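Q: Take a look at the following structure, please.
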Amino acid sequence: MKTTVLAEKILAEKEVIAEKTRTIFTEQTGLHLNEQVTNDHVLLAEFVANGLTAEDTTKTNVLMKEWAEKSSENSLQEKKPFEHSFKRFQIFKNQIWTIIENQLDEESLTSKELFHILRKVELIIDKAGFEYVRAMVQNFETKVNDFEKTMRKDKQLIADLSVPIIPSIVPNTILVPIVGMLTNERFEILRQKLLNNVPDQNAESIVCDFTGAVIPENGEFQMDDLAHQIEQITKALSLMGVEIIYVGFSSRLVQEIVRSGVTIDAETFSTFRTGLKYLANQKKWQFDEQHLDQIEEDEIEKTEETLTTTTPTIT
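Note that the sequence shown covers residues 819 to 1133 in this note's numbering.
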C-alpha cells in the first residue's frame, strides 16, 4: 500500500470519518456535537491526508493553527467539559486506524512501511491536538483576562456607588451620603476616597449623612471596627484642616459607638437640616429658614440623582 493511496482513501472518506466520529461520540456520552465540530473533523481528515504525502508541511502547519483556533473557540462557546475534546480526538484517530486496517487487507506491507505510515499519522494528529490545546489555553486566558478587567471595572463602579462624594451647593463643602448596608469595606473606601478627593474639591467642610444607612442584624458586622473607622477618618481629615460633621446617626449606632469607648472628635447632628444650620453659623453665612429649606431640598435631590445615575451594570 503506497502512502498516496492511503491519503486518497482518507480524502474520499473524510465526511464519513467526521460523521462516524460524531455518531460514536454521541453514543458514548449522550451529547450532541454541533455542525462546526463535524466540519472541524472533515478538515482534520484533510490535514492527515495532506500530511502523508506533502514533502513540505509548512502550509499545512499554518492551516492547522488556524483550524485549532476556530475549533477551540467553538468548544468554548459550546461550554462542553474539556475532556470531551480529547475523547473526540481519540474517536477520530480510531476511524483513521480503521481505514488503515481495511487497506491492509488489500495490500501487504513490510513492518518498516507500516511503521512509517503509522508514525506519520500519529505525528499529524498529535500536532493537531497540540495546536488545539494551545489555542484552547490562549482563548481561555484571554477570556479570563477580559473577565478580570470587567470585574475590576465593576468593582470600582460599585465602590463609587457605595460611597458617592457629591459637591454641595454650600461653598467649599462636599456631601457624603451613606445609603444602604454598612460594612467595614465601605468605610475603608470612604476613608481612601475622602483623603484622595478632598484636595481636588478644595473642601473645607464635609457633611457625612447616615440617615439612609442600615446596620446588619446578622452579627457579621463589627460595630467596634466601625467606631474606630469613624475616629480615624475624623482625625485624618482634621490633620488636613478639613472639618467633618456627621448627621443622621441612629440610636443603635450611637449606643454602639459609646459602648466601644471611642471618642468622635466631631460635631454630630440628628438631621441634615441641623447640620446645615451649624455650618451656616460657623461660616457666618446669612441663611434664613426658607433658604435652608431650599438648600436641603436641593441636596436631597442631588443625592438621589447621583445614586440613580451611577448604578453600575454587572457583566
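Here a beta-carbon is modelled for each residue, glycine too, at the ideal position from N, C-alpha and C. Note that this is a predicted model, so its numbers are computed, not measured.
Using CA atoms only, rank isn't needed, just tell me which of 871, 876 and 835 is closest to residue 855.
A: 835
Q: Assign residue 865 to one of two classes, buried (16 or more other C-beta atoms within 10 Å of its C-beta) or exposed (fewer than that).
A: Per the 10 Å Cβ criterion, buried.
Q: My assumption, with CB atoms under 8 Å, is that residue 994 sits in contact with residue 1033. Please give the rounded CB distance.
A: Contact check for residue 994 and residue 1033: beta-carbon distance about 18 Å, past the 8 Å limit, so the pair fails to qualify.
Q: Check residue 1027 in the structure and name its three-state DSSP category.
A: strand
Q: With three or more C-beta pairs closer than 8 Å as the rule, is the segment 894-911 touching the segment 946-961?
A: yes
Q: For residue 1056 and residue 963, I'd like the C-alpha separation in whole angstroms.
A: 41 Å
Q: Does the segment 825-833 come close enough to the segment 843-851 to have 3 or more Cβ pairs within less than 8 Å?
A: no
Q: DSSP on residue 1128, reduced to helix/strand/coil?
A: Caution applies to residue 1128, whose pLDDT of 45 falls short of 50 and renders its modelled position unreliable; the value that the coordinates give is listed next. Of the three classes helix, strand and coil, the one that applies to residue 1128 here is coil, per DSSP.
Q: Check each candidate in 999, 1021, 1017 and 1014 and name the one with the smallest Cα separation from residue 1044.
A: 999
Q: Short check: CB of residue 910 to CB of residue 841, under 8 Å?
A: Cβ atoms of residue 910 and residue 841: not closer than 8 Å.
Q: How would you label residue 882, buried or exposed, when you count the other beta carbons within 10 angstroms and need 16 or more for buried?
A: Residue 882 is buried by the Cβ-count criterion.
Q: Tell whether a beta-carbon distance below 8 Å holds between residue 992 and residue 985.
A: yes
Q: Thinking residue 990 and residue 1022 are a contact (beta carbons under 8 Å), I'd like their distance in whole angstroms, please.
A: Taking C-beta atoms under 8 Å as the contact rule, residue 990 and residue 1022 qualify, at a distance of about 4 Å.
Q: Quick one: Cα of residue 1060 to Cα of residue 959, how far?
A: 46 Å
Q: Compare the beta carbon distance of residue 1134 and residue 1085 with 8 Å and say whether it is the shorter of the two.
A: Since the first residue shown for the chain is 819 and the last is 1133, residue 1134 is missing from the structure and cannot be characterised.
Q: Please check the pair residue 983 and residue 1015, which I expect to be a contact at CB under 8 Å, by giving their CB distance rounded to whole angstroms.
A: 6 Å
Q: Run through the segment 926-996 for me and flag every whole beta strand (DSSP E) of 3 or more residues, listed as ranges in chain order.
A: 991-995
Q: With residue 869 and residue 938 assumed to form a contact (beta carbons below 8 Å), what rounded beta-carbon distance in angstroms separates them?
A: 7 Å
Q: Which residues in the same chain have their Cβ closer than 6 Å to the Cβ of residue 1081, if we skip the five residues on either side of it in sequence?
A: There are no such residues.
Q: How many whole angstroms separate the CB atoms of residue 946 and residue 1009, which I take to be in contact at a CB cut-off of 8 Å?
A: Not a contact, Cβ separation roughly 56 Å.
Q: Between which two residues does the beta strand (DSSP E) harbouring residue 1062 extend?
A: From DSSP, the beta strand (DSSP E) with residue 1062 extends over 1061-1065.
Q: Quick check on this structure: which residue in 969, 914 and 833 has the alpha carbon closest to the alpha carbon of residue 936?
A: 914
Q: I need the DSSP call for residue 844, collapsed to helix, strand or coil.
A: helix
Q: Considering only DSSP beta bridges, list what residue 1087 is partnered with.
A: 1065
Q: Please name the residue in 1069, 1013 and 1001 whose C-alpha comes closest to that of residue 1029.
A: 1069
Q: By the 10 Å Cβ neighbour count, where 16 or more other Cβ atoms means buried, how is residue 968 classified, buried or exposed?
A: exposed
Q: Just to check my reading of the structure: residue 1078 and residue 1041 have Cβ atoms closer than 8 Å, yes? What is that Cβ distance to the nearest angstrom?
A: 7 Å
Q: Going by Cα to Cα distance, which pick from 917, 944 and 884 is closest to residue 908?
A: 944
Q: Have a look at the DSSP bridge pairing and note the partners of residue 1134.
A: With the chain represented from 819 up to 1133, any question about residue 1134 goes unanswered, as that position is not in the structure.
Q: Under three-state DSSP, which class holds residue 894?
A: helix
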